[in-house]
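Here the structure is laid out as structure tokens; the discussion comes afterwards.
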Amino acid sequence: KKAMKSRLYTFVAVACLTLFASRSLDAQIYNVRLYGAMPEGKVLATAAVQKAIDVCHAQGGGEVFFPAGKYLLSSVRLKDNVFLRLGPGSAILASRKVDDYAPFKLREESDHEKLVLIVAHDAKNIGIVGSGTIDGRAEHLLAEPKAFDPLIEGQAAKAKDADLPMTRWFTSSPKVQLVSFVDCRNVRVEGITLRRSPLCALEFKWCNEVFARGLTIRSDLERGVDAVGIELDGCRNVVVSDCLIETGADAICLKTNKTEGKAEPCEDVAIGNCILSSSSCAVKLGADSYADFRRISVKGCVIKNSNCGLGIIVRDGA
Numbered sequence: 001k002k003a004m005k006s007r008l009y010t011f012v013a014v015a016c017l018t019l020f021a022s023r024s025l026d027a028q029i030y031n032v033r034l035y036g037a038m039p040e041g042k043v044l045a046t047a048a049v050q051k052a053i054d055v056c057h058a059q060g061g062g063e064v065f066f067p068a069g070k071y072l073l074s075s076v077r078l079k080d081n082v083f084l085r086l087g088p089g090s091a092i093l094a095s096r097k098v099d100d101y102a103p104f105k106l107r108e109e110s111d112h113e114k115l116v117l118i119v120a121h122d123a124k125n126i127g128i129v130g131s132g133t134i135d136g137r138a139e140h141l142l143a144e145p146k147a148f149d150p151l152i153e154g155q156a157a158k159a160k161d162a163d164l165p166m167t168r169w170f171t172s173s174p175k176v177q178l179v180s181f182v183d184c185r186n187v188r189v190e191g192i193t194l195r196r197s198p199l200c201a202l203e204f205k206w207c208n209e210v211f212a213r214g215l216t217i218r219s220d221l222e223r224g225v226d227a228v229g230i231e232l233d234g235c236r237n238v239v240v241s242d243c244l245i246e247t248g249a250d251a252i253c254l255k256t257n258k259t260e261g262k263a264e265p266c267e268d269v270a271i272g273n274c275i276l277s278s279s280s281c282a283v284k285l286g287a288d289s290y291a292d293f294r295r296i297s298v299k300g301c302v303i304k305n306s307n308c309g310l311g312i313i314v315r316d317g318a
């Protein structure tokens, strides 16, 4: 145990130094307003923001800056050595029009696709920092399920015959993830607020060297049934600290899902000094568990208003 703790805490120190060193103090600043982004939150700013990211990347990297204002976005993609900086009073608003989004695929020929507001794939030295907000503007519908899991069909039928209330909250379309990093290295997300996410607010999949600190993540505890706070899928060398997370789904979920035949272990993860509330699990390992979980530390966290503090659900053979 002592060796494990020493290794994790050493990684914390190294990660902090590495991630802060990855951004030069004289990093170039690319103001999205100068590329045509309007701050009223009414006109889609996707093309302008993507242009700023592309130019920043082409010139060696730096920060794409959002000054105070509201910016309506759909799908944008981060690239190597580019950080988004959300300035004080800034808010990124997710479009509520499904046609505004370009579905994200791991491969062009893939059948698996999803809608993501901000995505990075196979990128390094990237992140989102600052004090602004990313607002998913999720909408929900109270309705009766059209079908039930075969495991509970019998009980559901009996409940319905007994005139018990069967309605539950569903997330309305478009079902969008706010931020997703896939197969990335050296990722930093710090200081920002993520709110009203339709699906997972902050996903890291197959990432190495992840630093998430000082985040506020909130979704409706009753209605936000699909809105996981932070999801770590097959990641390694991860620090999550000093976060306030209140979600209708799991606050922090570690998993090892299989996507297109690939599953990676989740290992060397340190979670600390967080305040967590969840209508599901505050911290969960699983249920997707196609690979191992190794050297996971959760320390100094406050868990309140949660259906379950720690959930370990290993069902896929890990």
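Each residue of the sequence shown is one higher than the one before, starting from 1 at the first, in the working numbering. Note that CB positions come from ideal geometry on N, CA and C, so glycine has one too.
Residue from Ser219, Gly214, Gly229 whose Cα sits closest to the Cα of Ser241: Gly214
Given Leu73 as reference, the closest of Arg188, Asp233, Gly234, Val176 once Cα atoms are compared: Val176
I'd like to know whether the C-beta atoms of Gly286 and Ile313 end up nearer to each other than 7 Å. yes
Give me the DSSP bridge partner(s) of Ala212. Val189, Val240
Hey, out of Gly224, Ala291, Leu221, whose CA is closest to Leu254's CA? Ala291
Option in Met38, Leu194, Val32 with minimal Cα separation from Val64: Val32
Looking at the strands, I want to know which residues DSSP matches up with Glu344. There is simply no residue 344 to check, as the chain begins at 1 and stops at 318 in what is shown.
Span separating the alpha-carbon of Leu44 from that of Asp99: 12 Å
Do Met191 and Gly130 have their C-beta atoms within less than 7 Å of each other? In the sequence as displayed, the identity of residue 191 is Gly instead of Met. Yes, these two residues count as a Cβ contact at 7 Å.
Quick check: the Cα distance between Gly154 and Asp220, rounded to an integer number of angstroms? 30 Å
At a cut-off of 6 Å, would you count Lys175 as near the ligand ZN, judging by its Cβ distance to the nearest heavy atom? By its list of ligands, the structure shown contains no ligand whatsoever, and the ligand ZN lies outside what it can speak to.
Between Asn208 and the rest of its own chain, which residues show a CB-CB distance below 6 Å, the 5 nearest in sequence each way excluded? Arg185, Arg236, Asn237
Check whether Val82 and His57 have beta carbons under 7 Å apart: yes
Please list the terminal residues of the continuous beta strand (DSSP E) segment that includes Ala91. 90-94
Would you mind working out which of Ser172, Leu310, Cys281, Phe181 sits nearest Ser95, comparing C-alpha positions? Ser172
Is DSSP giving Arg137 helix, strand or coil here? coil
Report the start-end ranges of each beta strand (DSSP E) in the region 33-105 that is 3 residues or longer and not cut off at the edges. 40-44, 62-66, 69-73, 82-86, 90-94
Is it buried or exposed, Glu203, if we count other Cβ atoms within 10 angstroms and call 16 or more buried? buried
Taking C-beta to C-beta, are Leu117 and Leu199 nearer than 7 Å? no
Mapping DSSP to helix, strand and coil, what is Arg23? Residue placement at Arg23 cannot be trusted, given a pLDDT of 49 that sits under 50; what the coordinates show is reported in the next sentence. The answer is coil: DSSP assigns Arg23 none of H, G, I, E or B.
Quick one: using the 10 Å Cβ neighbour count with 16 as the cut-off for buried, is Ile126 buried or exposed? buried
Do Glu231 and Ser277 have their beta-carbon atoms positioned less than 7 Å apart in this structure? no
Is the beta carbon of Arg294 closer than 7 Å to that of Glu267? yes
Residue from Leu86, Thr133, Glu144 with nearest C-alpha to Leu164: Glu144
Provide the residue span of the beta strand (DSSP E) that contains Ala263, from first to last. No beta strand (DSSP E) contains Ala263, which DSSP labels as neither H nor E.
Gly154: first and last residue of the uninterrupted beta strand (DSSP E) it sits in: Segment 153-161 is the alpha helix (DSSP H) holding Gly154; no beta strand (DSSP E) there.
Would DSSP call Tyr290 helix, strand or coil? coil
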